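Engineer:
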Amino acid sequence: MTYEDLHDVVLLHGKSIYSFCRHLTENAADADDLYQETFLKAAELCHKINKSQNPRAFLIRIAAGIWRNSLRKEAGRRKILPFSSLSDGEEAVSPEQPPETALLQREESELLSLCAKRLKPKLRLPLYMYYTAELSLSEIASILHVPVGTVKSRLWRAKQELKHDLEVHGYET
Amino acid sequence: MKHKLSQEQFEELLRGTFAPDRFPSPEINHTLFTRLEEKELYRMEHKFVGKIPVLAAAFCLLLTVSVFASWHFLSASSVAEQSIPELSAAFDQEDATKVNAVRTQKGYIVSLLGLTSGAALENETDAVDKNSTYAVVAIGKEDGTPINMDDSYFASPLIQGLTPWQYNIASMGGAYSQFIENGILYRLFNCDDIEIFADRKLYLCVTDTPFYPTEAFHMDEATGLITEAKDFDGLNILFDLPLDPAKADPERAKQYIDSLWNDSDDGGEEIPSLPEMTVEEILKKGTVVESSRKVLTPDKNGMLSYSFSSKDSKMSESASEEFLFPDGAEGLSPTFSLTDDGAILYEKAKDGTITAFFVELETSLEAKD
Chain B
192 MTYEDLHDVV
202 LLHGKSIYSF
212 CRHLTENAAD
222 ADDLYQETFL
232 KAAELCHKIN
242 KSQNPRAFLI
252 RIAAGIWRNS
262 LRKEAGRRKI
272 LPFSSLSDGE
282 EAVSPEQPPE
292 TALLQREESE
302 LLSLCAKRLK
312 PKLRLPLYMY
322 YTAELSLSEI
332 ASILHVPVGT
342 VKSRLWRAKQ
352 ELKHDLEVHG
362 YET
Chain P
9 MKHKLSQEQF
19 EELLRGTFAP
29 DRFPSPEINH
39 TLFTRLEEKE
49 LYRMEHKFVG
59 KIPVLAAAFC
69 LLLTVSVFAS
79 WHFLSASSVA
89 EQSIPELSAA
99 FDQEDATKVN
109 AVRTQKGYIV
119 SLLGLTSGAA
129 LENETDAVDK
139 NSTYAVVAIG
149 KEDGTPINMD
159 DSYFASPLIQ
169 GLTPWQYNIA
179 SMGGAYSQFI
189 ENGILYRLFN
199 CDDIEIFADR
209 KLYLCVTDTP
219 FYPTEAFHMD
229 EATGLITEAK
239 DFDGLNILFD
249 LPLDPAKADP
259 ERAKQYIDSL
269 WNDSDDGGEE
279 IPSLPEMTVE
289 EILKKGTVVE
299 SSRKVLTPDK
309 NGMLSYSFSS
319 KDSKMSESAS
329 EEFLFPDGAE
339 GLSPTFSLTD
349 DGAILYEKAK
359 DGTITAFFVE
369 LETSLEAKD
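Residue numbers (the working numbering), protein chains in the order written: chain B, 192 to 364; chain P, 9 to 377.
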């Protein structure tokens, strides 16, 4: 893959990569940084990216690696996100829904998103890779260097913990 | 009153919440494209600009290898000057490790030019991570043929006693920048601080592969010492890194090892993959399908592959022996693969033979979801 191809990848997969970065990080500024660093790193490695394969998986691998490194380096000073800082006003409310339904859905999403941020990285990464980056289980297994069965079990565990958190907040699942 | 969410609603909520619906702003993409273009220009400027004069090359080959290095390779600080200028001074510090070692192998001449810690810099700067180790290597061809920027090379520290395929620059927060000058590739790379391991034997490996090649080096299981594989088809040079053992920090080293592969990066306790079930419990609750037993043979990359078709599904898995049996012990591996209707277990016999087999579970953990 050439540099020119990488520009196309930005346009084609930018939304997916950025969404992944946005979920991993705690604010838009960090997401912007992670997104840019991912593509800059990919630029160094672009000759290793096979266009015929899935460049999105390659980029997600890079993004996850950078994020994990930053976690390790900042382990001592990471903060738990307060509830009030979760919403950054980016979530759109569907105009077709009644306002109260849309509000409820938004609240549920905000709660779930916050709960997900409290999951351990081991569970959070496959969750975002599966739902946000829309990677297959085998692609996730390849990125995380674990068997597919382990990816399944981590996803299952992540969902169990999210369900439990929702129950703590008054939901019955 | 509790708000009830059905399984379908919960799944829908998951998909809605984590859907890829965030766009990067046009400004961010604009900045990104600008930075990519700058990076590309930089790369092109630093590509090979001329051949090494034949006479000079011939003359150099008559000299001892170490003299070749001092004559023809840039210094570590000069390389840093072109990549991370703020780091340049660190390579000139007294406590920087001025290795300047040169090896020739399989038509290549490779030099480890220097090694330093980001902490060696007196003034803090965002460009340099003080918790990283930085090193510079130069890679050239013995016959003076210029290195091609599109060729792949892998350079990484290795640590005595730590399995090379697991503990190398790829897993240790590595990054690099490189350029070609006079046909020689100069690579400045960094990874998480390795000085904490200075009481062990430390190495720097260089190969002509894009990623760590599992067959390029051997680690002696008893001593942890790492050596070059004689029969490796390609460049596989190993330098000794002469770090001061006084800089070792065994406690931090242990914490680092634990955090690297236990995924407890945030300081939390380790969560086993399936806390509710152990291999023993799977065997107790499930039924071993004897026809599923297969002896596994590692492929050229050291991966063990297993496939089996149960009554409900077809499964296939692949993992390395180091992953399944990290301590090399015989018996059942604590790692297993969960499928829709059971689990794949791995067992190592006294003679080292590894067998995989399928255990059918009436209600697998996945099915509970």
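The beta carbon of each residue, even a glycine, is placed where N, CA and C say it ideally should be.
Please read all numbers here as calculations on a predicted model, not as lab measurements.
Give me the chain P residues within the contact set of B:V200, using Cβ-Cβ distance strictly less than 7 angstroms, ordered along the chain.
Structural biologist: Per Cβ cutoff of 7 angstroms: no residues; B:V200 is ~11 angstroms from chain P at best.
Engineer: With DSSP run on the structure shown, which of helix, strand or coil describes B:L310?
Structural biologist: Of the three classes helix, strand and coil, the one that applies to B:L310 here is coil, per DSSP.
Engineer: Taking DSSP's pairing of strands, which residues face P:I147 in a bridge?
Structural biologist: DSSP lists P:V118, P:L193 as partners of P:I147.
Engineer: Between B:V200 and P:T295, what straight-line distance do the alpha-carbon atoms span, to the nearest angstrom?
Structural biologist: Rounded to the nearest angstrom, the two C-alpha atoms are 48 angstroms apart.
Engineer: Could you check if P:P221 is buried or exposed, using at least 16 other CB atoms within 10 Å of its CB as the buried criterion?
Structural biologist: Buried, since its Cβ has 16 or more Cβ neighbours within 10 Å.
Engineer: I need the straight-line Cα distance from P:P218 to B:L357, nearest angstrom please.
Structural biologist: Rounded to the nearest angstrom, the two C-alpha atoms are 44 angstroms apart.
Engineer: Rounded to the nearest angstrom, how far is the Cβ of P:A337 from that of P:M311, given a contact under 8 angstroms?
Structural biologist: Not a contact, Cβ separation roughly 20 angstroms.
Engineer: Name, going along the chain, the residues of the stretch 222-234 of chain B whose beta-carbon falls closer than 8 angstroms to a beta-carbon of chain P.
Structural biologist: Within the stretch 222-234 of chain B, the qualifying residues are A222, D223, Y226, Q227, F230, L231, K232, A234.
Engineer: Kindly say whether B:H355, judged by its beta-carbon, lies nearer than 8 angstroms to any beta-carbon of chain P.
Structural biologist: Output row for B:H355: interface = no.
Engineer: Got a sec? Which residues, its chain only, sit under 7 angstroms from P:Y194 by beta carbon, not counting five neighbours each side?
Structural biologist: The answer, listed in chain order, is L82, V87, V144, A146, Q186, F187.
Engineer: Shortest alpha-carbon distance to P:A351 belongs to which of B:L326, B:T341, B:L231?
Structural biologist: Per the Cα distances, B:T341.
Engineer: Which of the three DSSP states, helix, strand or coil, is assigned to P:H38?
Structural biologist: P:H38 falls in the helix class under three-state DSSP.
Engineer: Which of the three DSSP states is assigned to B:M320 in this structure?
Structural biologist: Of the three classes helix, strand and coil, the one that applies to B:M320 here is helix, per DSSP.
Engineer: For chain P, find out if any of its Cβ atoms is closer than 8 angstroms to the Cβ of B:P338; answer yes or no.
Structural biologist: Judged by the 8 angstroms Cβ criterion, B:P338 is in contact with chain P.
Engineer: So B:E235 is in the alpha helix (DSSP H); what residue range does that whole segment cover?
Structural biologist: First-last of the alpha helix (DSSP H) with B:E235: 219-236.
Engineer: Could you tell me whether the Cβ of P:D335 comes closer than 8 angstroms to any Cβ of chain B?
Structural biologist: Closer than 8 angstroms: no.
Engineer: Please check if any C-beta of chain P sits within less than 8 angstroms of the C-beta of B:E299.
Structural biologist: Yes, because at least one Cβ of chain P sits closer than 8 angstroms to the Cβ of B:E299.
Engineer: For P:D248, write down the residues that DSSP places opposite it in a beta bridge.
Structural biologist: Partner(s): P:Y211.
Engineer: Whose CA, out of P:T25, P:A128, P:S315, P:S164, lies closest to the CA of B:T295?
Structural biologist: The question names Thr, but residue 295 of chain B is Leu in the sequence shown. Minimum Cα distance to B:L295 is reached at P:T25.
Engineer: Name the DSSP beta bridge partners of P:Q263, please?
Structural biologist: For P:Q263, which the question treats as bridged, DSSP gives no partner whatsoever.
Engineer: So that I know if they touch, is there some Cβ in chain P lying closer than 8 angstroms to that of B:N218?
Structural biologist: Answer no: the Cβ-Cβ gap between B:N218 and chain P never drops below 8 angstroms.
Engineer: Pull the bridge partners of P:L13 from the DSSP assignment, please.
Structural biologist: According to DSSP, which records beta bridges pairwise, P:L13 is partnered with nothing at all.
Engineer: Closest by CA to B:I334, which one among B:A248, B:C212, B:L203, B:T193?
Structural biologist: Minimum Cα distance to B:I334 is reached at B:A248.
Engineer: When DSSP labels each residue in this structure, what does B:G267 get in the three-state scheme?
Structural biologist: Unreliable positioning characterises B:G267 in this predicted model, as indicated by a pLDDT of 36, which lies under 50. The coordinate reading is nonetheless provided below. Helix.
Engineer: Quick one: residues in its chain with C-beta nearer than 6 angstroms to the C-beta of P:K59, no 5 flanking neighbours on either side, listed in chain order?
Structural biologist: Annotation note: pLDDT 26 at P:K59 (below 50); position unreliable, coordinate value reported separately. Cβ neighbours of P:K59 beyond the five flanking positions: none.
Engineer: Residues in the same chain with beta-carbon distance under 8 angstroms from P:K358, minus the five sequence neighbours each way, listed in chain order, please.
Structural biologist: Excluding residues within five positions, the ones whose Cβ falls inside 8 angstroms are E338.
Engineer: Can you name the start and end residues of the alpha helix (DSSP H) that B:S333 belongs to?
Structural biologist: From DSSP, the alpha helix (DSSP H) with B:S333 extends over 328-335.
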